[in-house]
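Undergrad:
Chains as they are written, first to last, in the numbering used here: chain A, 16 to 336; chain B, 16 to 336.
1) Answer with buried or exposed for residue 92/A, where buried requires no fewer than 16 other C-beta atoms within 10 angstroms of its C-beta.
2) Does the region 120 to 127 of chain A touch the region 213 to 221 of chain A, meaning 3 or more C-beta pairs lie closer than 8 Å?
3) At which residues does the alpha helix (DSSP H) containing residue 323/A begin and terminate?
4) Take residue 88/B as the anchor and find which of 141/B, 171/B and 201/B has the nearest alpha-carbon.
5) Below 6 Å CB to CB, which residues in the same chain sit around residue 280/B once its five sequence neighbours on both sides are set aside?
6) Let's see if you can read the secondary structure: which residues bound the beta strand (DSSP E) around residue 145/A?
7) How would you list, in chain order, the residues of chain A whose beta-carbon sits under 9 Å from the beta-carbon of residue 281/B?
8) Using 8 Å as the limit for Cβ to Cβ distance, is residue 255/A near chain B?
9) Look up residue 121/B in the DSSP assignment and say whether it is helix, strand or coil.
10) In the region 62 to 126 of chain A, which residue ranges form an unbroken beta strand (DSSP E) of at least 3 residues, counting only runs that do not cross its ends?
11) Tell me the rounded alpha-carbon separation between residue 198/A and residue 306/A.
12) Using a Cβ-Cβ cut-off of 8 Å, state whether residue 229/A counts as contacting chain B.
13) By the 9 Å beta-carbon criterion, what residues does the region 271 to 296 of chain B contribute toward chain D?
14) Hey, could you find the ends of the alpha helix (DSSP H) residue 25/A is sitting in?
15) Find out if the Cβ-Cβ distance for the pair residue 45/A, residue 283/A is shorter than 8 Å.
16) Scan the region 61 to 91 of chain A for residues whose Cβ lies nearer than 7 Å to a Cβ of chain B and list them as they occur along the chain.
17) Say whether the region 128 to 142 of chain B touches the region 26 to 37 of chain B, bearing in mind that this needs 3 or more beta-carbon pairs closer than 8 Å, one atom from each stretch.
18) Given this structure, state the Cα-to-Cα distance separating residue 54/A from residue 187/A, to the nearest angstrom.
19) Whether or not the region 50 to 65 of chain A and the region 98 to 111 of chain B are in contact is what I'm after, with contact meaning three or more pairs of Cβ atoms, one per stretch, closer than 8 Å; do they touch?
20) Checking 8 Å against the spacing of the C-beta atoms, do residue 115/B and residue 128/B come in under that value?
21) Suppose contacts are defined by Cβ-Cβ distances below 8 Å. Is residue 237/A in contact with residue 210/A by that definition?
22) In the DSSP output, which residue or residues are listed as bridge partners for residue 280/A?
23) Would you verify that the beta carbon of residue 180/A is, or is not, closer than 8 Å to some beta carbon of chain B?
24) Pull up the CB-CB distance for residue 68/B and residue 110/B, whole angstroms please, since I reckon it's below 8 Å.
25) What are the residues of the region 38 to 64 of chain A that lie near chain B, defined by any Cβ-Cβ distance shorter than 8 Å?
26) When the cut-off is 8 Å and only beta carbons count, does residue 150/B lie next to chain A?
27) Please report the straight-line C-alpha distance between residue 149/A and residue 334/A, rounded to a whole angstrom.
28) Closest Cβ-Cβ distance between residue 110/A and chain B: below 8 Å?
29) Can you check which of these residues, 18/B, 189/B, 19/B and 25/B, is closest to residue 297/B by C-alpha distance?
30) Pick helix, strand or coil for residue 256/A, following the three-state DSSP scheme.
31) Under DSSP, the beta strand (DSSP E) around residue 303/A begins and ends at which residues?
32) Could you say which of 180/B, 272/B, 169/B and 184/B lies nearest to residue 193/B if we only look at CA atoms?
33) Residue 182/A to residue 49/A, Cα distance in whole Å?
34) Where does residue 180/A land, buried or exposed, given buried means 16+ other C-beta within 10 angstroms?
35) If I measure Cβ to Cβ from residue 242/B and keep anything under 7 Å in the same chain, skipping five residues before and after, which residues do I get?
Here it is as structure tokens:
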């Protein structure tokens, strides 16, 4: 089992409390979500139709500035689960450290997986994986460099799960080239991880293969209705981008007062060198604020951004203690 | 692409009208759905936790009278999509005619698929598939015969997507034996196909393999919250079973006045010999009532049950015309 943020069960079993007592900053999920519209009973009742799914695809193409083949999936994770089905097991290189599920899923499907720490070391790989901007350290990769890399590997997967706040980093506008697959998450930026929605963009053959693997009803009616409304709402997205940028700076200031050093991050999460990560996590956990640690990196602590002012005050108080 | 009911796009492109104008009887989805409770913002926002998913599993075990290993999936269809991953491609036999996705998915994954018309012909198969009660003809198989068959095949899949109204047919209470996999649909009986929820029950190794293939968040927060409430609501289920039985008899009477002969069915759908199926479909479609035809069976017409009294009156009027 891969270690994930967002599992409050672990926090509660160690430190007690009810779910509602906790501020979960262990993920990069926006805590001020897109307001869920009143849902029609139709979307609960009926199977999503082809036309409805296609209208969600159109909304995603508009949001991601592409006309390329694209498929809605039950979260970016669902696309990761299907990656091994695009080719017979071979060898993959993953720019690391990064999101643990790529290596886990590929190894489970019989792939030989190599973690590399330099993007140049990906060249020549049968399957190369880059998360941009990267989770957990926020490392950014130049889109031009990635497009060049795509021509030097069998297949390049660019996971843009945290790219909504930095659209200038996205290669989605260049989607459609053979050998380039792009993953997008809906739940993180829109703060609606529970609806399970993401997208994969790519060449026609890859998207057709993934569509066949995911079947006729890959996402729920609620995901279609909410996703369509949110992806067309440019004003909410613009305001949220600006708010997250401001709030990330505010979190960095708070962290500085606690003596933590910024390692990197995106406007949805910040990675700090907290000296003793475990100690820092326990200090926050006593105030029912949950954070994320990383195996093999004992000084690291990752924090999502608090939502409303009450949450900011609770975090400030916990850090001042 | 497999032909499915529930795709009103086709009806509209042929006969016009807005989705709300149509009564969709082309599926076996209950048109008087379980009332969706007010959903907590938590379930939209957060990733489903292990404890939440496990609590849904418990609700399903209670509803299906089993303590066996079980996995929530994004509809029974999601389990079908993963079937080919349980074993290297081999040969499968499907008791036919039945739901088209089994053959489609297995062939797509490189399996040799044989349609057989007699349950005895399944014995000796590497993978055998039975839908009980069957869609579209409602054929029923004795649970004891299925359990005996399970010992004579490599793996037996029993799709109980329409078994909620005939719990006496279910082998779910015997789930857990190696080589027996049982699929359950949530959306049909509860009338909530849009939330994408189903379950697969089986031996420990198979369920673990399917869990690995579906990843850490196989269903949405809404599916967890609604599914848990509905599966524990025995009184709604009992009343709905009785109502569907009464309504199925009412539909048969209506069909008889139209000169159609009952071929078979379940309390969620009825299959009629309408003489000329296409003509019967067009007659209903002019009244904006959508039905299901079957390739190679030109006299067959399948109808789900109307929901409220207005829908019954519209159907009666269309048949009297």
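We treat Cβ as the ideally placed atom computed from N, Cα and C, and that holds for glycine. Note that the structure is a prediction, hence the values are computed from the model and not measured.
TA: Looking at the atomic coordinates:
1) buried
2) no
3) Per DSSP, residue 323/A belongs to no alpha helix (DSSP H) and is neither H nor E.
4) 201/B
5) 153 and 286
6) 142 to 146
7) Correct list: empty, because the minimum Cβ distance to chain A is about 18 Å.
8) no
9) helix
10) 85 to 88 and 106 to 110
11) 25 Å
12) yes
13) Note that chain D does not occur in the displayed structure, where the protein chains are A and B.
14) 23 to 30
15) yes
16) 61, 62, 63, 64, 65, 66, 89 and 90
17) no
18) 29 Å
19) no
20) no
21) yes
22) 285/A
23) no
24) Residue 68/B to residue 110/B, Cβ: 32 Å. No contact.
25) 39, 42, 44, 46, 48, 51, 56, 57, 58, 59, 60, 61, 62, 63 and 64
26) no
27) 26 Å
28) no
29) 25/B
30) helix
31) No beta strand (DSSP E) holds residue 303/A; DSSP gives it neither H nor E.
32) 169/B
33) 18 Å
34) buried
35) 71, 74, 201 and 212
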